[in-house]
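K.L.:
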Amino acid sequence: MRQEGTAAVQPWMRDTLREGYARLSRRDFAGASDCCRRLLTARSDLVEGHFLVGLIAAETDNIRMAVQAFGSVTRLQPEHGAAWAQLARLFMRLGHVNRADDALAQAVAHQDGNPVVQDTIAAVHTLLGDPTEASQWLSRALEQQPRNLRFLLNRANNQMFLGEFAAARSTLAQALEVSPDNANAHWLLSGLARARDSEHVDQLQALLQEGARSPLEQAYLNYALGKELEDLEDWSGAFAAFARGAEARRRSLAYDEAAERDMFAALEQTFTAEWLASRPDGHPTGAPIFVVGQPRTGTTLIERIISAHPQVHSAGELRQFDGSLRRLLNWTGTRRNSAELVQRAGDIDVRRLGEAYMSTTRKLRGHLPRFVDKLPVNYRYLPLILAALPGARIVHVRRDPMDACFASFKQLFADAYPHSYRQDEMARHHARYYRLMAQWRSRFGGRFHDITYEQVVGDPEPQARELMHFLGLPWDDACLDFHRQSSAVTTASVVQVREAAHTRSVGRWRRYEQQLQPLRRGLQAEAVPLVLE
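Here the sequence shown is numbered in UniProt numbering, starting from 1 and rising by one per residue.
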């Protein structure tokens, strides 16, 4: 253990550090934190004490405390590569790309061949939109620890992003040799190809029958089972598995629906047509193309069609607009949804907001004239985007509400979209989104382009040509061969967008019509059509 300072690290401190790490590995955060308090009370410059604080804070999603703790480590020991790597990852989560880039450079300079640091460096490169560079760092980590389960899972994810599906299957086979009952590995494996027989289904059912698993592990296994049973057209079995997975995942998530409802109301009240008309000029650039909508509605498909054009770079799902907004407002709140944030945003300097967005995306948007930012939830900020970046183009992807909602219900997300695991919550959320977009359409009609998933997959070329016209791009036949692109995909549609457009998912909800009655009733109660006209 490396240590700065002149005072010796006493044996009890080493024992307490070991105890703290052991408690962290068991997710006993209170116990691990108590170890840190004892250590830092006795020795305030104990580097590894601050590092452990950072790890605990990152695991509990206290990003500000984590940044402070890892920052303390780098001040006490500037060559601590692991702390720099953790800072780089945290800065990316906060949308501070330039600070992340600086921290990453320090991590690379001081990684000293440490495979754990190399794995973290790979994660940061993925967040920076460079999975090819990430692949090289993962290879270095695995050269030293070829049976490290976390490294193998990260490698498989990386290979999926790059479209290397056969290699990903091989890596997941190695992961399952190391840990045959690893739920995450089974879930990833289920998404790589259509199930042709029940061999893996039987394995998943056996693992579930063993019981005694965390809610997230239950979710992984049930979503994997549901996907494969759906492939095998066991519709009732598939839905039962999805429902169990959704219930398990919902237990581990905090969702403040009242706060979301208040935020949507604030959006409608704050951003009127008069508000936009009274704004000064925003930042003059025509580079950004925003693709927005609900998740699992075809936003990745539309992004791939656009980015197949030789003048357009795919920047992925960027969080820089929201991050720039929060920084300019000096917003310190951590809640996902906030009416107060929206209300304060009504007085923001829109030109500075546009400038901040372009500055923080500089290293993410490539070297082509245009770039796509495909973060679906940016639909909430549509008026702010129009004000801050008046030359930007916004594409809103629509999908039949029943299909859209069911597609989210059967998808296990990381930590986004907590409303998607219960049919009643999903229906109310979709209704809020539907009404908000209707307001934006009435207030800012002609300033953004609606495109409908069902029409695109049914007859791609006329929809793609109309889309290119709206974007001010000359037609290029490559836009119809989007599935042949070799560029990385890091969204839940990682496998699907490697295929040509198809209609297999249109009307899929009807296979589950009886089970989806709560969703149907919820949408109808909110006057949302089940299918779009």
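By construction, the Cβ of each residue, glycine as well, lies at the ideal position given by its N, Cα and C atoms.
Model, not experiment: these values are computed from the prediction.
Going by the CB atoms, is the gap between Tyr453 and Phe297 shorter than 8 Å?
P.N.:
By one-based count along the sequence shown, residue 297 stands at place 297. By one-based count along the sequence shown, residue 453 stands at place 453. The amino acid at residue 297 is misidentified as Phe; the sequence shows Thr. Their beta carbons are under 8 Å apart, which means Thr297 touches Tyr453 by this criterion.
K.L.:
According to DSSP, what are the bridge partners of Gly293?
P.N.:
In the sequence shown, counting from the first residue as 1, residue 293 sits at position 293. According to DSSP, which records beta bridges pairwise, Gly293 is partnered with Val397.
K.L.:
Counting pairs of beta carbons, one from the segment 312-330 and one from the segment 358-376, are three or more of them closer than 8 Å?
P.N.:
Short answer: they touch.
K.L.:
When DSSP labels each residue in this structure, what does Thr60 get in the three-state scheme?
P.N.:
Start at 1 with the first residue of the sequence shown, and residue 60 comes out as number 60. It is coil, neither helix nor strand.
K.L.:
Can you give me the C-alpha to C-alpha distance between Val9 and Ser33, rounded to a whole angstrom?
P.N.:
The residue you call residue 9 lines up with position 9 of the sequence shown. The residue you call residue 33 lines up with position 33 of the sequence shown. Each residue's Cα considered, the two are about 19 Å apart.
K.L.:
Less than 8 Å separating the beta-carbons of Phe371 and Pro288?
P.N.:
The count along the sequence shown starts at 1 and reaches residue 371 at position 371. The count along the sequence shown starts at 1 and reaches residue 288 at position 288. Result yes, Cβ atoms of Phe371 and Pro288 sit closer than 8 Å.
K.L.:
Quick check on the DSSP output: what are the complete alpha helix (DSSP H) runs of length 4 or more inside the segment 86-111, in order along the chain?
P.N.:
For the segment 86-111, whole alpha helix (DSSP H) runs of length 4 or above, ordered along the chain, are 97-109.
K.L.:
Assign Val116 to one of three DSSP states: helix, strand, or coil.
P.N.:
Your numbering for residue 116 matches position 116 in the sequence shown. Helix.
K.L.:
Does the Cβ-Cβ distance between Phe436 and Glu461 come in under 8 Å?
P.N.:
Here residue 436 refers to the residue found at position 436 of the sequence shown. Here residue 461 refers to the residue found at position 461 of the sequence shown. This sequence places Leu at residue 436; Phe is not what is there. Their beta carbons are not under 8 Å apart, which means Leu436 does not touch Glu461 by this criterion.
K.L.:
Out of Asp102, Thr16, Val528, Gly49, state which residue places its alpha-carbon closest to the alpha-carbon of Ala438.
P.N.:
Stepping through the sequence shown from its first residue, residue 438 is reached at position 438. Checked all of Asp102, Thr16, Val528, Gly49; the closest Cα to Ala438 is Val528.
K.L.:
In whole angstroms, give me the CA-to-CA distance for Arg498 and Arg43.
P.N.:
Locating residue 498 in the sequence shown gives position 498, where the first residue counts as 1. Locating residue 43 in the sequence shown gives position 43, where the first residue counts as 1. In this prediction, Arg498 has a pLDDT of 49, which is less than 50 and means its spatial position is unreliable; what the coordinates show is noted afterwards. Cα-Cα distance, rounded: 54 Å.
K.L.:
Expressed to the nearest angstrom, what Euclidean distance is found between the alpha-carbon atoms of Ala85 and Leu516?
P.N.:
Indexing the sequence shown from 1 puts residue 85 at position 85. Indexing the sequence shown from 1 puts residue 516 at position 516. So the alpha carbons of these two residues sit roughly 45 Å apart.
K.L.:
Classify Val457 as helix, strand or coil using the three-state DSSP reduction.
P.N.:
Here residue 457 corresponds to residue number 457 of the sequence shown, with the count starting at 1. Correct three-state label for Val457: helix.
K.L.:
Would you please state the rounded distance, in angstroms, between the beta carbons of Phe151 and Asp197? I believe it to be under 8 Å.
P.N.:
Here residue 151 refers to the residue found at position 151 when the sequence shown is read from its first residue. Here residue 197 refers to the residue found at position 197 when the sequence shown is read from its first residue. At roughly 30 Å, the Cβ-Cβ gap does not stay under 8 Å, so Phe151 and Asp197 are not in contact.
K.L.:
According to DSSP, is Phe161 helix, strand or coil?
P.N.:
As a working note, residue 161 is residue 161 in the sequence shown. Here Phe161 sits in helix by DSSP.
K.L.:
Compute the distance between the beta-carbons of Val124 and Leu94, then report whether it is under 8 Å.
P.N.:
In the sequence shown, residue 124 corresponds to position 124, counting from 1. In the sequence shown, residue 94 corresponds to position 94, counting from 1. The answer is no: Cβ separation not under 8 Å.
K.L.:
Below 7 Å CB to CB, which residues in the same chain sit around Arg18 once its five sequence neighbours on both sides are set aside?
P.N.:
As a working note, residue 18 is residue 18 in the sequence shown. If we look at Arg18 and ignore the five residues flanking it on each side, it has no Cβ neighbours.
K.L.:
Under a Cβ-count criterion, where at least 16 other Cβ atoms within 10 Å of its own Cβ denotes burial, should Arg14 be classed as buried or exposed?
P.N.:
As a first step, residue 14 is located in the sequence shown; it is residue number 14 there, counting from the start. Exposed: under 16 other Cβ atoms inside 10 Å.
K.L.:
Where do the ends of the alpha helix (DSSP H) carrying Asp481 lie?
P.N.:
By one-based count along the sequence shown, residue 481 stands at place 481. Where Asp481 is concerned, there is no enclosing alpha helix (DSSP H), given that its DSSP letter is neither H nor E.
K.L.:
Which residue from His449, Glu233, Asn154, Ala183 puts its Cα closest to that of Thr171?
P.N.:
Looking up residue 171 in the sequence shown gives position 171. Closest by alpha carbon: Asn154.
K.L.:
At the level of alpha carbons, what is the spacing between Ser214 and Arg26?
P.N.:
Residue 214 sits at position 214 when you count from the first residue of the sequence shown. Residue 26 sits at position 26 when you count from the first residue of the sequence shown. So the alpha carbons of these two residues sit roughly 12 Å apart.
K.L.:
I need the straight-line Cα distance from Trp509 to Asp231, nearest angstrom please.
P.N.:
If you number the sequence shown from 1, residue 509 lands on position 509. If you number the sequence shown from 1, residue 231 lands on position 231. Answer to the nearest angstrom: the Cα atoms are 14 Å apart.
K.L.:
Who are the near neighbours of Phe482 in its chain, counting only those whose CB is closer than 7 Å to its CB and skipping five residues on each side?
P.N.:
On the sequence shown, residue 482 is found 482 positions in, with the first residue counted as 1. Once the five neighbours on either side are set aside, the close Cβ partners of Phe482 are Arg304, Ile305, Ala308.
K.L.:
Within this structure, are the beta carbons of Lys363 and Asp102 separated by less than 8 Å?
P.N.:
For this step, residue 363 is matched to residue 363 along the sequence shown. For this step, residue 102 is matched to residue 102 along the sequence shown. Against a cut-off of 8 Å, the Cβ pair of Asp102 and Lys363 comes out as no contact.
K.L.:
Leaving out five residues before and five after Leu204 in sequence, what residues of the same chain have Cβ atoms less than 8 Å from its Cβ?
P.N.:
For the purposes of this step, residue 204 is taken as residue 204 along the sequence shown, with counting starting at 1. Taken in chain order, the residues that qualify are His186, Ser190, Leu221, Ala224, Leu225, Glu228.
K.L.:
Where do the ends of the beta strand (DSSP E) carrying Arg443 lie?
P.N.:
Translated into positions along the sequence shown, residue 443 becomes position 443. Not the beta strand (DSSP E): Arg443 falls in the alpha helix (DSSP H), residues 423-444.
K.L.:
Please confirm if the segment 408-422 is in contact with the segment 442-453, defined as three or more CB-CB distances below 8 Å between the two stretches.
P.N.:
Short answer: they don't touch.
K.L.:
Decide if Val531 is buried, meaning its Cβ has at least 16 other Cβ atoms within 10 Å, or exposed.
P.N.:
Locating residue 531 in the sequence shown gives position 531, counting from the first residue. That one is exposed.
K.L.:
Please classify Ser198: does DSSP put it in a helix, a strand, or coil?
P.N.:
Along the sequence shown, one-based indexing puts residue 198 at 198. Note: Ser198 maps to coil in three-state DSSP.
K.L.:
Phe70: buried (16+ other C-beta within 10 angstroms of its C-beta) or exposed?
P.N.:
Within the sequence shown, numbered from 1, the residue matching residue 70 stands at position 70. Phe70 should be labelled buried.
K.L.:
Starting from Asp231 and walking both ways along the alpha helix (DSSP H), at which residues does that stretch end?
P.N.:
On the sequence shown, position 231 is the one that residue 231 refers to. Residues 215-231.
K.L.:
Three or more C-beta pairs closer than 8 Å, one from the segment 351-362 and one from the segment 381-392: is that the case here?
P.N.:
Judged by Cβ distances under 8 Å, the segment 351-362 makes contact with the segment 381-392, as three or more pairs qualify.
K.L.:
Since Phe448 and Ile394 should fall inside the 8 Å C-beta cutoff, what is the C-beta to C-beta distance between them, to a whole number of angstroms?
P.N.:
Stepping through the sequence shown from its first residue, residue 448 is reached at position 448. Stepping through the sequence shown from its first residue, residue 394 is reached at position 394. About 4 Å; that satisfies the 8 Å criterion.
K.L.:
Pairing CB atoms from the segment 324-343 with CB atoms from the segment 263-283, are three or more of them under 8 Å?
P.N.:
Touching, yes.
K.L.:
Pull up the DSSP beta-bridge partners for Phe371, would you.
P.N.:
Locating residue 371 in the sequence shown gives position 371, where the first residue counts as 1. The partner list for Phe371 (beta bridge, DSSP) reads Pro288, His313.
K.L.:
Here's the rule: buried if 16 or more other CB atoms are within 10 angstroms of the residue's CB, otherwise exposed. What is Ala525?
P.N.:
The count along the sequence shown starts at 1 and reaches residue 525 at position 525. With fewer than 16 Cβ atoms within 10 Å of its Cβ, Ala525 is classed as exposed.
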